[in-house]
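Numbering (the numbering used here), first residue to last: 1348 to 1834.
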């Protein structure tokens, strides 16, 4: 096995390539498989079946075309410099200009997948010149990622920018403007290395190769969840904090009204994690039954989905641990999980949620080393849909190295997802479902996720306007779980 790096004669990248391959050779892995790393430059021979390509060609093209780059970032709720229309070209297409922007300080962040490797900051008042993307005369000083709230936020933003553009790694420039807004100024798919940065990328790439190679035989994740919902009476919001504590298996989300800690509108259910999705489902049922008895007010409705009330969005976050978070794992969740769930949710309400939450690749790392996938709306509406969310996501993470389709590398396809273009997404759903069917073990989960195929084939969507608490009856859940376990 070897790792091929395609680059434009960066001396430190040459050294990086040599050191990575020396490490691989020392692991005594003898096969003819290759990893490909495209350091700002694409491989011309596309016939080689690489195990994985870090920085695919489409991602590099996205950063080379600055207008396209900024359009993609903007689509993913990332602030960018102002883009203005300046006229029309001879072919009739519009001409645009990316305006310069004044910043009070800038950051350079070097990213590998969902890791920030090193951050530099400039404290000068600057005018970022859009035509001079690297600003070579600006002095930057290294700062720690956890130095303050701002450095943590720019690190997460840089990781999101790299992922949104279809890259695995890159160098990101972020400016802080006079309103303290974080603006992505540029992303480069060929980070400039020095001795320190070469060492950081070496460690990150080697660790990824080791983990991904091990995962070729499948993973055994631990799955958990937190699914948000709200309470309603006669069309008006009932505060979750009136009935539930902040912490516990069913508690309140951190969001408050007017920063009043006693006024928390969102509740969330937090089942115990397990290596078996059905055990998580059982736990959800038990927690719900206890909570329904605790509230014990029949006129209070329990509502979920995307946005139960204007301005209040809810999500169904799925947690994983005992696996190493990486880009291909999250892209598999986007393609094989987010697509079917986008086709069964209320599209008009979901589009409003995605203006702030639920973008592609929306993940958050956890203190215990795992992560949560946050793209989906709250699927807690009924046991069968909940079961499908748990089983399908678990199966995808188990087998992500075999699920290679990546439909969201381009601006057009990302835009179609955010607009919920049902015709295109249904076409892509059929393609991804057929791939899932080829994975050994799919037959064992088919009954658990069949509701997704049935609803999509019939063009049915879930009812997120109604009261879902009555869906969680003991008879239905017991029947649901019996069916799952007999499959």
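Here a beta-carbon is modelled for each residue, glycine too, at the ideal position from N, C-alpha and C.
Taking C-beta to C-beta, are residue i and residue j nearer than 8 Å?
i            : j            : result
residue 1430 : residue 1443 : yes
residue 1748 : residue 1563 : yes
residue 1547 : residue 1465 : yes
residue 1744 : residue 1676 : yes
residue 1757 : residue 1534 : no
residue 1616 : residue 1727 : yes
residue 1565 : residue 1682 : no
residue 1614 : residue 1626 : no
residue 1707 : residue 1761 : yes
residue 1651 : residue 1576 : yes
residue 1353 : residue 1389 : yes
Count the other C-beta atoms from every protein chain shown that fall within 10 angstroms of the C-beta of residue i, then say buried if there are 16 or more, exposed otherwise.
i            : result
residue 1834 : Because the pLDDT of residue 1834 is 49, which lies under 50, any placement of that residue in the model is unreliable, and the question is left without a value.
residue 1700 : buried
residue 1715 : exposed
residue 1580 : exposed
residue 1730 : buried
residue 1777 : exposed
residue 1433 : exposed
residue 1644 : exposed
residue 1711 : exposed
residue 1436 : exposed
residue 1709 : buried
residue 1816 : buried
residue 1638 : buried
residue 1592 : exposed
residue 1574 : buried
residue 1811 : buried
residue 1468 : buried
residue 1501 : buried
Note down the Cα distance separating residue i from residue j, rounded to an integer number of angstroms.
i            : j            : result
residue 1449 : residue 1384 : 35 Å
residue 1511 : residue 1790 : 33 Å
residue 1679 : residue 1739 : 11 Å
residue 1704 : residue 1720 : 12 Å
residue 1800 : residue 1809 : 13 Å
residue 1515 : residue 1672 : 12 Å
residue 1670 : residue 1378 : 24 Å
residue 1664 : residue 1723 : 7 Å
residue 1661 : residue 1485 : 42 Å
residue 1454 : residue 1492 : 11 Å
residue 1636 : residue 1687 : 28 Å
residue 1642 : residue 1734 : 24 Å
residue 1417 : residue 1445 : 9 Å
residue 1400 : residue 1759 : 22 Å
residue 1807 : residue 1691 : 6 Å
residue 1537 : residue 1798 : 44 Å
residue 1741 : residue 1603 : 32 Å
Less than 8 Å between the CB atoms is what I'm expecting for residue i and residue j, so what's the real figure, rounded?
i            : j            : result
residue 1767 : residue 1689 : 6 Å
residue 1459 : residue 1572 : Not really, about 28 Å apart at Cβ, beyond 8 Å.
residue 1349 : residue 1381 : 5 Å
residue 1649 : residue 1578 : 6 Å
residue 1420 : residue 1509 : Contact flag wrong, Cβ pair sits at about 10 Å.
residue 1504 : residue 1765 : Wrong, their Cβ atoms sit about 19 Å apart, outside the cutoff.
residue 1463 : residue 1497 : About 13 Å; that fails the 8 Å criterion.
residue 1666 : residue 1620 : 6 Å
Within the present structure, is the beta-carbon of residue i separated from the nearest heavy atom of the ligand NAD by less than 7 Å?
i            : result
residue 1647 : Looking at this structure, you won't find the ligand NAD or any other ligand, since it has none at all.
Query raised in the report: Is it a yes or a no for the stretch 1781-1799 touching the stretch 1537-1554, going by three-plus beta-carbon pairs under 8 Å?
Result: The stretch 1781-1799 vs the stretch 1537-1554: no contact.
Requested in this report: Would you be able to state if there are at least three C-beta pairs under 8 Å between the stretch 1602-1622 and the stretch 1694-1708?
Outcome: no
Report task. Count the C-beta pairs between the stretch 1748-1766 and the stretch 1650-1663 that are closer than 8 Å, then say yes if the count reaches three, no if not. Result -> Taking 8 Å as the limit for Cβ pairs, the verdict is that the stretch 1650-1663 does not touch the stretch 1748-1766.
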